[in-house]
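Input: a single structure, listed below in structure tokens.
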Amino acid sequence: MNQKRQSQRGYHWVINALLTCPNQKIEILRANWELIDAGFVETIMEVAMQREQWGDRNSATWLRNLATQLATGMGSSLSKIPKESEADRLLWQGEQQCKVSQFKAAFQSYQQSLDLYREIGNLLGESAALIGLGITCDFLGQYQKAINYYQQSSDIVRNIGCQASRCN
Numbered sequence: 001m002n003q004k005r006q007s008q009r010g011y012h013w014v015i016n017a018l019l020t021c022p023n024q025k026i027e028i029l030r031a032n033w034e035l036i037d038a039g040f041v042e043t044i045m046e047v048a049m050q051r052e053q054w055g056d057r058n059s060a061t062w063l064r065n066l067a068t069q070l071a072t073g074m075g076s077s078l079s080k081i082p083k084e085s086e087a088d089r090l091l092w093q094g095e096q097q098c099k100v101s102q103f104k105a106a107f108q109s110y111q112q113s114l115d116l117y118r119e120i121g122n123l124l125g126e127s128a129a130l131i132g133l134g135i136t137c138d139f140l141g142q143y144q145k146a147i148n149y150y151q152q153s154s155d156i157v158r159n160i161g162c163q164a165s166r167c168n
């Protein structure tokens, strides 16, 4: 447990160094090569989500891109990470497009994120993308399609809840 905590501290130190000096990315990563593993990539994604929630979209995007580059370089064991990152980005893009009434573009973004979430088996992401599709169809006057998307999302959430209750 102590080693895991130590790794986490190291991950966060390297991430902070990268954010402080992004133009020295290669040097920082080379100097800390022993920390570059799946845990590091996951920690980058967590920090990116935090930055996104804080409204620091530039840092969040930069970190997601870095995580994607690292995961791609690490091989197929991490192949889900770049796809999930792209799906998350597309989901966020769809939300932003809805906010400015670009519903057809939002529909495309949500559809692409849905395809990626399904490909990697991320049920919560799939559910969120389906809700986004439902919202856009609702605004486009395609009410039956909207209901179908909402129903699919509801079914996923219900199934996740049933699976979780079996664990208790």
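Following this note's numbering, the residues of the sequence shown are numbered contiguously, the last one being 168.
Beta carbons: idealized from backbone N, C-alpha and C, even for Gly.
Taking A67 as the reference, give the member of G55, E86, E95 with the closest Cα.
Taking the sequence shown and counting its residues from 1, one reaches residue 67 at position 67. Among G55, E86, E95, the Cα nearest to that of A67 belongs to E86.
Considering just the uninterrupted stretch of the alpha helix (DSSP H) at I135, what are its terminal residues?
Counted from its first residue, the sequence shown places residue 135 at position 135. Segment 123-139, the alpha helix (DSSP H) holding I135.
Among the residues of its own chain, which have a CB less than 6 Å from the CB of S77, if the five just before and after it don't count?
On the sequence shown, position 77 is the one that residue 77 refers to. Its pLDDT being 45, under 50, S77 is placed unreliably by the model, and the measurement read from it follows with that caveat. Nothing meets the Cβ criterion.
Can you say whether Q97 is buried or exposed, counting buried as having 16 or more other CB atoms within 10 angstroms of its CB?
If you number the sequence shown from 1, residue 97 lands on position 97. Q97 is buried by the Cβ-count criterion.
Hey, out of E119, L123, I28, whose CA is closest to Y11's CA?
Counting from 1 along the sequence shown, the entry for residue 11 is found at position 11. For the residues E119, L123, I28, the minimum Cα distance to Y11 belongs to I28.
Exposed or buried, N16, counting other C-beta atoms within 10 Å across all chains shown (16 or more means buried)?
Position 16 of the sequence shown, counting from 1, holds the residue named residue 16. Under this definition N16 is an exposed residue.
When the Cβ atoms of the region 50-57 are set against those of the region 98-112, are three or more pairs found closer than 8 Å?
no
Thinking just about the alpha-carbon of each residue, which of A106, N65, Q53 is nearest to the one in L18?
Taking the sequence shown and counting its residues from 1, one reaches residue 18 at position 18. Nearest neighbour of L18 by Cα position, chosen from A106, N65, Q53, turns out to be N65.
According to DSSP, simplified to helix, strand and coil, what is S76?
Within the sequence shown, residue 76 is the residue found at index 76, counting from 1. Confidence is the limiting factor: at S76 the pLDDT is only 44, short of 50, which leaves the residue's position unreliable, though a coordinate-based value still follows. In this structure, S76 counts as helix in the three-state DSSP scheme.
Is Y150 closer than 8 Å to I120 when the C-beta atoms are compared?
Start at 1 with the first residue of the sequence shown, and residue 120 comes out as number 120. Start at 1 with the first residue of the sequence shown, and residue 150 comes out as number 150. No, they are not a contact pair.
Can I156 and S109 be called in contact, C-beta distance under 8 Å?
As a working note, residue 156 is residue 156 in the sequence shown. As a working note, residue 109 is residue 109 in the sequence shown. No, the Cβ-Cβ distance between I156 and S109 is not below 8 Å.
Label Y117 either buried or exposed according to how many other C-beta atoms from any shown protein chain fall within 10 Å of its C-beta, with 16 as the threshold for buried.
Taking the sequence shown and counting its residues from 1, the one referred to as residue 117 is at position 117. Under this definition Y117 is a buried residue.
Here's a check: name, in chain order, each residue in its chain whose Cβ is nearer than 7 Å to the Cβ of L63, leaving out the five neighbours to either side.
Within the sequence shown, the letter at position 63 stands for residue 63. The residues are I44, V47, A48, R51.
Using the C-alpha atoms, what's the distance from A129 back to D37?
Reading the sequence shown from its first residue, position 37 is the one you call residue 37. Reading the sequence shown from its first residue, position 129 is the one you call residue 129. About 29 Å.
Around the Cβ of N122, are there at least 16 other Cβ atoms within 10 angstroms (buried) or fewer (exposed)?
What you label residue 122 is simply residue 122 of the sequence shown in a count that begins at 1. N122 should be labelled buried.
Would DSSP call Q50 helix, strand or coil?
Mapped onto the sequence shown, residue 50 falls at position 50. Residue state, collapsed to three classes: helix.
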